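Visitor: Residue numbers (this note's numbering): 442 to 782.
Spelled out as structure tokens, the structure:
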């Protein structure tokens, strides 16, 4: 069996995958670049799926040792220390019960799962959705995921956005994939149907933050937000709508939905950032009304497999509701081009 390679944070960084795989103990060597840094701050950067407060709590409880000895959060590193973490069942994840939830598995091996998420499926339990989520379904599919933060979930999709997601089956893989997201090595391509005629391909680059007045929404903000970059490619233009492809360079909450609203081309059916009805045939209007969601699909996902170090790409077809809407728009557009009789 191939071993998982060490994380690409530094040539000095080493993670013993076998000890994690078989004994649920994580061993790592502190890279020299963290010399002079507090151990809790360094570990928060090396293991981004854990909060600094949780890591500090583990240090205090002796769950984390440095050179086989207990430590304190304020301990200053010199580089090269051997850190051991006795990984426990993630308490937040174990609080949720396993439930049978329908989702398609595109690929699975000993390290990760790639799923095709359907519409109307919340990814993580939260107020109003404590059960029936993807996380509950993952715990049913593989109970060992209860030992991993967020049951191995690496990134999220909105409840009504469909398509590809990757889930890690061990902490090493999760750490690696989170780092790939942070360094923009994970490539995510979406397909969307938007209002209006998008005139040309381009790049949307803004800051995105919380909406100043509606705190459940995100918005383009002049300052204080996070950098957000979306590349837009037009696939088809219809009479009143466009079919586009969006490549994410960053992954902010509601990024594509916010960016297309900012570009004056909100997603068809988007109840939060758009939901306008442009002139169209009765058939198209009815399909848009019955869509009950934003027309957005995570179509392609590419990343470096943490164990094999090979770049792998997955694609998935559009869900039926978007396919049917596109077919109706194509027919409508062809009819509009016919000469008047």
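Positions of the beta carbon are idealized from the N, C-alpha and C atoms, including for glycine. Computed from a predicted structure; not experimentally measured.
1. Pick out whichever of 614, 506, 615, 631 has its Cα sitting closest to the Cα of residue 759.
2. Locate the alpha helix (DSSP H) running through residue 731, then write down its first and last residues.
3. Where does the unbroken alpha helix (DSSP H) through residue 631 begin, and where does it stop?
4. Could you name each continuous alpha helix (DSSP H) segment of 4 residues or more that falls completely within the stretch 589–663, going from the start of the chain to the end?
5. So what's residue 708 in DSSP terms, helix, strand or just coil?
6. Between the Cα of residue 735 and the Cα atoms of 648, 588, 633, 513, which residue gives the shortest distance?
7. Do you know whose CA, among 730, 656, 539, 624, lies nearest residue 572's CA?
8. Have a look at residue 706 and residue 502 and give me their C-alpha separation to the nearest angstrom.
9. Looking only at its own chain, which residues have a Cβ that is under 6 Å from the Cβ of residue 643, when we skip the five neighbours before and after it?
10. Grouping DSSP H, G and I as helix and E and B as strand, with all else coil, what is residue 480?
11. Between residue 576 and residue 556, is the Cβ-Cβ spacing less than 9 Å?
12. Do residue 483 and residue 491 come within 9 Å of each other at the CB atom, strictly closer than that value?
13. If we call anything under 9 Å between Cβ atoms a contact, is residue 628 one with residue 553?
14. For residue 462, which three-state DSSP category applies?
15. Residue 681: which of 657, 717, 670, 592 sits nearest, CA to CA?
16. Alpha carbons only, please: which of 691, 728, 518, 745 is nearest the one belonging to residue 770?
17. Taking all protein chains shown into account, do 16 or more other C-beta atoms lie within 10 angstroms of the C-beta of residue 665, making it buried, or fewer, making it exposed?
18. CB-CB under 8 Å to residue 667, same chain, minus the five flanking residues each way: which ones, in chain order?
19. Excluding the five sequence neighbours on either side, which residues of its own chain have a C-beta within less than 8 Å of the C-beta of residue 653, listed in chain order?
20. Please report how far the alpha carbon of residue 762 lies from the alpha carbon of residue 560, in whole angstroms.
Guide: To lay it out plainly:
1. Ranking 614, 506, 615, 631 by Cα distance to residue 759 puts 631 first.
2. From DSSP, the alpha helix (DSSP H) with residue 731 extends over 723–732.
3. Counting along the chain, residue 631 falls outside any alpha helix (DSSP H), though it belongs to the beta strand (DSSP E) covering 628–636.
4. Entirely contained in the stretch 589–663, the alpha helix (DSSP H) runs reaching 4 residues are, in chain order, 612–623.
5. Residue state, collapsed to three classes: strand.
6. If we check each option's Cα against that of residue 735, 633 comes out closest.
7. Comparing Cα-Cα distances from residue 572 to each of 730, 656, 539, 624, the minimum goes to 539.
8. Our two residues, residue 706 and residue 502, have alpha carbons roughly 52 Å apart in a direct line.
9. Setting aside the 5 residues that flank it on each side, residue 643 is surrounded in the same chain by 673, each with a C-beta closer than 6 Å to its C-beta; the list follows chain order.
10. DSSP places residue 480 within a helical segment (H, G or I) once states are collapsed to three.
11. No, these two residues do not count as a Cβ contact at 9 Å.
12. Against a cut-off of 9 Å, the Cβ pair of residue 483 and residue 491 comes out as no contact.
13. In this structure, residue 553 does not lie closer than 9 Å to residue 628 by Cβ.
14. Since pLDDT at residue 462 reaches only 34, below the 50 mark, its modelled position is unreliable, and the value read off the structure follows with that caveat. Residue state for residue 462 is assigned as helix, using DSSP reduced to three classes.
15. Per the C-alpha coordinates, the member of 657, 717, 670, 592 positioned closest to residue 681 is 717.
16. For the residues 691, 728, 518, 745, the minimum Cα distance to residue 770 belongs to 728.
17. Counting of Cβ neighbours within 10 angstroms places residue 665 among the exposed residues, the total staying below 16.
18. Closer than 8 Å at Cβ, skipping near neighbours: 648, 649, 650, 691, 693.
19. The beta carbon of residue 653 sits closer than 8 Å to the beta carbons of 660, 662 from its chain, once the five residues preceding and following it are set aside; these are given in chain order.
20. Going by C-alpha positions, residue 762 is about 10 Å away from residue 560.
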